[in-house]
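Peer 1: Numbering (the working numbering), first residue to last: 9 to 148.
1. May I ask which residues mark the beginning and end of the alpha helix (DSSP H) holding residue 104?
2. Hey, residue 3 and residue 17: beta-carbon distance below 9 Å or not?
3. Report the rounded CA-to-CA distance for residue 20 versus residue 133, giving the unit in angstroms.
4. Across the segment 63-72 and the segment 85-94, are there enough close Cβ pairs to call them in contact, namely three or more that are closer than 8 Å?
5. Kindly indicate the opening and closing residues of the alpha helix (DSSP H) around residue 122.
6. Under 7 Å Cβ to Cβ from residue 94, same chain only, skipping five residues before and after it: list those, please.
7. Is it the case that the Cβ atoms of residue 10 and residue 40 are separated by a distance below 9 Å?
8. If distances are taken between C-alpha atoms only, which option among 56, 22, 27 comes closest to residue 123?
9. So the candidates are 99, 83, 34, 119; which of them puts its Cα closest to the Cα of residue 130?
10. Is the CB-CB distance between residue 100 and residue 59 below 9 Å?
11. My guess is that residue 137 and residue 63 are in contact by the Cβ rule of under 8 Å, so how many angstroms apart are they, rounded?
12. Please state whether the Cβ-Cβ distance between residue 142 and residue 85 is less than 9 Å.
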């Protein structure tokens with residue numbers, strides 16, 4: 009199942025919007041590559057999960073830097089949600105290894121719910137605050 013970027017996912021901060029779009033493309037690429045029967049799923053899974061983890065670490069760091077610069081009052085709660093994401097992805101990876109199967113449905117479902125629940129609510133709230141902060145600083 010592919011998830012398409014659309015304007016409802018924009019939060020109004022160009023850097024973050026570009027990262028969200030790239031994240032969705034990364035997830036879609038994973039789903040496409042794993043849907044091909046000829047691929048070595050475990051090798052691809054490990055390679056792609058590592059790439060996903062690396063990308064998410066960079067993205068969360070960028071969001072947290074912006075929140076810190078703007079003195080975002082919801083930063084601690086937002087960072088806690090980021091930590092939840094990291095822990096859930098690690099649990100899914102561990103589950104796959106211990107069960108000897110790729111938890112692709114679980115990963116897809118989690119990533120889809122993350123985009124809907126986190127990006128469309130928490131990141132939008134953060135984006136509104138950041139836009140006001142930038143506007144107040146004469147940057148928006």
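Glycine included, C-beta positions come from ideal geometry on N, C-alpha and C.
Peer 2: In short, the structure shows the following:
1. Looking at the DSSP string, the run of the alpha helix (DSSP H) that includes residue 104 is 83-107.
2. Only positions 9 to 148 of the chain appear in this structure, which leaves residue 3 out of reach.
3. Rounded to whole angstroms, the gap between the alpha carbons of residue 20 and residue 133 is 11 Å.
4. Taking 8 Å as the limit for Cβ pairs, the verdict is that the segment 85-94 does touch the segment 63-72.
5. Unbroken alpha helix (DSSP H) run through residue 122: 112-122.
6. No residues qualify anywhere along the chain.
7. When the beta-carbon positions are compared, residue 10 and residue 40 come within less than 9 Å of each other.
8. Out of 56, 22, 27, 27 has the C-alpha closest to the C-alpha of residue 123.
9. Just measuring C-alpha positions, the residue of 99, 83, 34, 119 sitting nearest residue 130 is 83.
10. No, the pair does not count as a contact, with Cβ atoms beyond the cut-off.
11. Incorrect: roughly 24 Å between the Cβ atoms, too far for contact.
12. Cβ atoms of residue 142 and residue 85: not closer than 9 Å.
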